[in-house]
Amino acid sequence: MIARSRWLHQVSGQILAGVLAIGISFYGIGAATAADQPRIVNIYNFIRDNDFRVADSETVLFKATSAQVQLLNEFHLPATFAFQYDALMDTNYQKLFAGPTVTNFELAAWWEIPELLARKAGVPWRGHHEWDPAADVGFSPGYTPEERRKLVDVYMADFKSIFGFYPRTAGSWFIDEVTLAYMSEKYGLVASCNCKDQIGTDGYTLWGGYWNQAYYPSRLNAYMPAQTEAGQINIPVFRMLGSDPIYQHGTTPGLYSLEPVYRDAGGSTNWVAWFMDALIHQPALAFGYTQAGQENSFGWDGMKQGLTQQIRLFATEAKAGSIRVETLAQSGQWFKDHFKLTPPTSVVVLDDWRHQNRKTIWYDSRYYRLNLIWQSNALFIRDLHCFDETVPSPTHETALVGHTLAYTTLPIVDSASWRPPENRRIRYPAALSLDGDGSHLALSGPPTVKELNATDLSIQQPLASGGMFSIVCFETQITFAGTDSHGKPLRWQWRLPGGIRRQSAIQSVTANSINYRSKGKDYELRLPADSGTCTQLDGGSVSLNPSASGQLIFTFETQAAKASANLGR
21 MIARSRWLHQ
31 VSGQILAGVL
41 AIGISFYGIG
51 AATAADQPRI
61 VNIYNFIRDN
71 DFRVADSETV
81 LFKATSAQVQ
91 LLNEFHLPAT
101 FAFQYDALMD
111 TNYQKLFAGP
121 TVTNFELAAW
131 WEIPELLARK
141 AGVPWRGHHE
151 WDPAADVGFS
161 PGYTPEERRK
171 LVDVYMADFK
181 SIFGFYPRTA
191 GSWFIDEVTL
201 AYMSEKYGLV
211 ASCNCKDQIG
221 TDGYTLWGGY
231 WNQAYYPSRL
241 NAYMPAQTEA
251 GQINIPVFRM
261 LGSDPIYQHG
271 TTPGLYSLEP
281 VYRDAGGSTN
291 WVAWFMDALI
301 HQPALAFGYT
311 QAGQENSFGW
321 DGMKQGLTQQ
331 IRLFATEAKA
341 GSIRVETLAQ
351 SGQWFKDHFK
361 LTPPTSVVVL
371 DDWRHQNRKT
381 IWYDSRYYRL
391 NLIWQSNALF
401 IRDLHCFDET
411 VPSPTHETAL
421 VGHTLAYTTL
431 PIVDSASWRP
441 PENRRIRYPA
451 ALSLDGDGSH
461 LALSGPPTVK
471 ELNATDLSIQ
481 QPLASGGMFS
491 IVCFETQITF
501 AGTDSHGKPL
511 RWQWRLPGGI
521 RRQSAIQSVT
531 ANSINYRSKG
541 KDYELRLPAD
551 SGTCTQLDGG
561 SVSLNPSASG
571 QLIFTFETQA
581 AKASANLGR
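Numbering (our numbering), first residue to last: 21 to 589.
In structure tokens, the structure reads:
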């Protein structure tokens, strides 16, 4: 394996030079650093037939998809092409994807609802265009459960009549749990994908879920990871669009993802090299994952340069064995074969493409997600949400009302949504020293991040005082511990900033728990006995204090998971 700095330099040079000669076909090949911890890339292009926002849209969109096919064939890479129903029924697309030139491609379903599908299913059409992106028109939650199943039946019948088989995957910005379960159980769907986490973009909010990679969704809530086999839909949902782990966050203006139309992100050679460096070389636990590609509504001119650079790089890294490029169906089947329950994964980035010395770590399990952020030589918890499969989606039994959608989980720390008091910039829980003036723990150099086993991630942060601040993420809990330069317990605490109590859903604070209520659900951040204490401070702040040993533990196991585990004994 090439040294990381030299690898990054070489990759940027390869993309910029545009020189690559590949004379073999490789379909989903390439072994990752460890065979059981692959780095997987899905190239996923979804197809609309027309778009009222684009002049001469049918011509522009078809040209984009045709060019994508040609590019991927040139580099012999597999990809998934997902058809919205209007594109499925267009004979131009049917002819494009017929014959031996598309043997490396998966043909899949893109689950936005156009007028053509609604009318054929006998479902009332409320849109203003043939395709309408309003959430209650263009997406499945906008319809009743009975209507959702009718839409699926019509689509599947026509797909099979055209291609001779049912699609194995279906994607969308969001697909509800009723639709996913029906597609899986009646038509054999093996995987799905949904939009990256975002707040308000295009009127769609998905926030607080399993941040990257993939998860098994709850039968009551497609956005909520399930904790038990009985409570889950047995198809993994992969997260789309390759989010920037540092800057694609609700508190950061702009869009930073692997989409090649974004000049400062997926369209930038330096950013893509930085992003892939982290994917390939940093700890990911079960597997690393990203989704590339582009919807055809952006047009070929907008995506050509960025997508060509990316495909060239993916081909190089797949040939070198650093990544596996495969279809969504292949990834979904691999996931199902390897994991009965959602596995823990991580996304680790220890350098900053903006050169502002930020670092971040995301850890996800089926119980919670945690995001740590390093900035201004201090360490903060930027995000902490917990998951509970018993919380139903707001549209589980009824159709969405209104043109926007919002799906969230259970927030414990949500710096993207909570707002600090006026004139106070920091809204994150901060790691503070209790010696001296209670300032931030002074750090010394970068953290060391290691996988302890298949599920547990260790973060060791040296301190300027000579001590060490340690964090270990386990599947159902997080442990924090500080030691001074002599190895003795450190005096420190997490401080949740005040003035955000009303927005943060905190109901009460006890000696060993913070009690919350959100989405009609009571839940808690619990500290087991002898593993720390909680203290309510003036102004709404809360301090989380370690035990005498210097250790503090957060635990997240749900009642449903405990009951399931007891049944299995």
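Even for Gly, the Cβ is constructed at its ideal location relative to N, Cα and C.
Leaving aside the five residues before and after residue i along the sequence, list all residues of the same chain whose C-beta is less than 6 Å from its C-beta, in chain order.
{"i": "I491", "result": "I479, F500"}
{"i": "D110", "result": "D69"}
{"i": "A398", "result": "H460"}
{"i": "T578", "result": "Q247, D408"}
{"i": "T85", "result": "I67, N316"}
{"i": "Y276", "result": "D264, Y267, Q268, A285"}
{"i": "P466", "result": "L370"}
Using CA coordinates, which residue listed in the options is at the minimum distance from residue i?
{"i": "V143", "options": "W131, Y163, D152, A129", "result": "Y163"}
{"i": "L404", "options": "W438, S317, A234, T555", "result": "W438"}
{"i": "Y175", "options": "A138, L392, T429", "result": "A138"}
{"i": "T415", "options": "G228, I498, N112, A242", "result": "A242"}
{"i": "L510", "options": "E471, Q571, G191, A450", "result": "Q571"}
{"i": "A99", "options": "Q497, K324, R344, Y387", "result": "R344"}
{"i": "N112", "options": "T225, S435, N214, E78", "result": "E78"}
{"i": "V421", "options": "G158, N124, A450", "result": "G158"}
{"i": "A128", "options": "S485, D56, G184, L136", "result": "G184"}
{"i": "S413", "options": "R283, F194, F82", "result": "F194"}
{"i": "G230", "options": "A484, Y207, V257", "result": "For the record, residue 230 in the displayed sequence is Tyr; it is not Gly. Of the listed residues, the one whose Cα sits closest to Y230 is V257."}
{"i": "N214", "options": "F82, T225, V411", "result": "T225"}
{"i": "S569", "options": "Y543, N124, K508, Q527", "result": "K508"}
{"i": "I393", "options": "I60, F117, D434, T418", "result": "D434"}
Against chain D, does residue i count as a neighbour if the rule is that its beta carbon must be under 8 Å from one of theirs?
{"i": "Q571", "result": "Looking for chain D here will not work: only one protein chain is present."}
For residue i, collect the residues of the same chain with a Cβ closer than 8 Å to its Cβ; drop the 5 residues on either side in sequence, then sort them by chain order.
{"i": "A37", "result": "Because A37 carries a pLDDT of 41, less than 50, the predicted location of this residue cannot be relied on, and the following value inherits that uncertainty. Within the same chain, A37 has no close Cβ partners at all."}
{"i": "G43", "result": "Per-residue confidence for G43 stands at a pLDDT of 30, beneath the threshold of 50, marking its modelled position as unreliable; no derived number is given."}
{"i": "F372", "result": "The question names Phe, but residue 372 in the sequence shown is Asp. Here the set comprises I266, R378, K379."}
Any idea which residues DSSP pairs residue i with across the strands?
{"i": "A211", "result": "T189"}
{"i": "Y235", "result": "V257"}
{"i": "H416", "result": "Bridge partners of H416: none, in fact."}
{"i": "L390", "result": "Y383, L404"}
{"i": "A312", "result": "I63"}
{"i": "Y224", "result": "L425"}
{"i": "K591", "result": "Outside the shown range of the chain, which is 21 to 589, sits residue 591, and nothing can be said about it."}
{"i": "G502", "result": "F489"}
For residue i, which residues in the same chain have their Cβ closer than 7 Å to its Cβ, ignoring the five residues on either side in sequence?
{"i": "C493", "result": "Y383, L390, D476, L477"}
{"i": "C554", "result": "V529, T530, A531, N532, S533, I534, L547, V562, L564"}
{"i": "W130", "result": "F66, I67, A102, F103, Q104, G191, S192"}
{"i": "S45", "result": "Its pLDDT being 33, under 50, S45 is placed unreliably by the model, and the measurement read from it follows with that caveat. Same-chain partners within the cutoff: H96."}
{"i": "P251", "result": "It should be noted that the sequence gives Gly, not Pro, for residue 251. Here the set comprises S238, R239, E409, A580."}
{"i": "A474", "result": "L305, A306"}
{"i": "Q497", "result": "I573, F574, T575, F576"}
{"i": "S538", "result": "L430, P431, A525"}
Cβ atoms of residue j and residue i: under 8 Å apart, would you say?
{"i": "W512", "j": "L564", "result": "no"}
{"i": "V469", "j": "K356", "result": "no"}
{"i": "G540", "j": "I573", "result": "no"}
{"i": "A306", "j": "L278", "result": "no"}
{"i": "I67", "j": "N316", "result": "yes"}
{"i": "S366", "j": "E495", "result": "no"}
{"i": "G223", "j": "H423", "result": "yes"}
{"i": "K216", "j": "L171", "result": "no"}
{"i": "E205", "j": "S238", "result": "no"}
{"i": "I300", "j": "S342", "result": "yes"}
{"i": "E150", "j": "P161", "result": "no"}
{"i": "G287", "j": "V74", "result": "no"}
{"i": "R259", "j": "N232", "result": "yes"}
{"i": "A525", "j": "P431", "result": "yes"}
{"i": "C406", "j": "T429", "result": "yes"}
Just to confirm, does residue i get its C-beta within under 7 Å of one of the non-hydrogen atoms of the ligand MN?
{"i": "F101", "result": "The ligand MN is not among the ligands present in this structure, which contains no ligands whatsoever."}
(request) Quick one: which unbroken beta strand (DSSP E) runs of 3-plus residues sit fully inside the segment 124 to 164? Chain order, please. (result) 125 to 130
(message) For a minimum of 4 consecutive residues, which ranges assigned as the alpha helix (DSSP H) are wholly contained in the segment 53 to 120?
(response) 77 to 94, 105 to 108, 111 to 116
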